[in-house]
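Visitor:
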Amino acid sequence: MKISAKLKNSFNEHYLEVATNGATRNVQIPPKPTGFGSAVNGGEMLLLALATCFCNDIYREAAKKNIAISGVEVNCTADFGAEGEPGSNFQYTVQVTSDAPKNVIAELIEHTNRIAEIHNTLRIGTAVTLVNS
-11 MKISAKLKNS FNEHYLEVAT NGATRNVQIP PKPTGFGSAV NGGEMLLLAL ATCFCNDIYR
49 EAAKKNIAIS GVEVNCTADF GAEGEPGSNF QYTVQVTSDA PKNVIAELIE HTNRIAEIHN
109 TLRIGTAVTL VNS
């Protein structure tokens, strides 16, 4: 699966595009009030990526196990310090709404935590490489 993200920014213009295997979608986020940059920062987007990944994966894994889910809430937090410092203390909580027994949902959440791709990408400390174009 090939995933990409594209950002184009100029004064009062903020264009975001994501794609998976060629299926492209636009993402709407306004520019900063100054007109340059994004109104949402990278740390917020990283936490949103974690929340989105877990949400999508819990529905996927529930479907595999024939567990009916009617709602998911994921709350991610992290600490960021001075400019240039990496984030730390990444944590998240999950609430799953379902008529399934609590122990079944608890196991589903634990299983999903183990296999969530974005979470596992961060856990292994993946390199990020600048490729000059």
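For the sequence shown, the numbering used here gives the first residue as -11, with consecutive numbering after it.
Note that beta-carbon positions come from the ideal geometry of N, C-alpha and C, so glycine has one too.
Looking at V62: is its Cβ nearer than 8 Å to the Cβ of Y80?
Guide: What you label residue 62 is simply residue 74 of the sequence shown in a count that begins at 1. What you label residue 80 is simply residue 92 of the sequence shown in a count that begins at 1. Cβ atoms of V62 and Y80: closer than 8 Å.
Visitor: Nearest by alpha-carbon distance to S58: which of T65, D67 and N44 is it?
Guide: In the sequence shown, residue 58 corresponds to position 70, counting from 1. Among T65, D67 and N44, the Cα nearest to that of S58 is on N44.
Visitor: Have a look at N0, H99 and N101 and flag the residue whose alpha-carbon is nearest the alpha-carbon of G23.
Guide: For the purposes of this step, residue 23 is taken as residue 35 along the sequence shown, with counting starting at 1. Out of N0, H99 and N101, N0 has the C-alpha closest to the C-alpha of G23.
Visitor: Excluding five sequence neighbours on each side, which residues of the same chain lie with their C-beta closer than 6 Å to the C-beta of T100?
Guide: For the purposes of this step, residue 100 is taken as residue 112 along the sequence shown, with counting starting at 1. For T100, where only same-chain residues beyond five positions count, the Cβ hits under 6 Å are D45, I46 and E49.
Visitor: Can you find the residues in the same chain that come closer than 8 Å, C-beta to C-beta, to E105, ignoring five residues on each side of it along the sequence?
Guide: Position 117 of the sequence shown, counted from the first residue, corresponds to residue 105. So the qualifying residues of the chain are C41 and D45.
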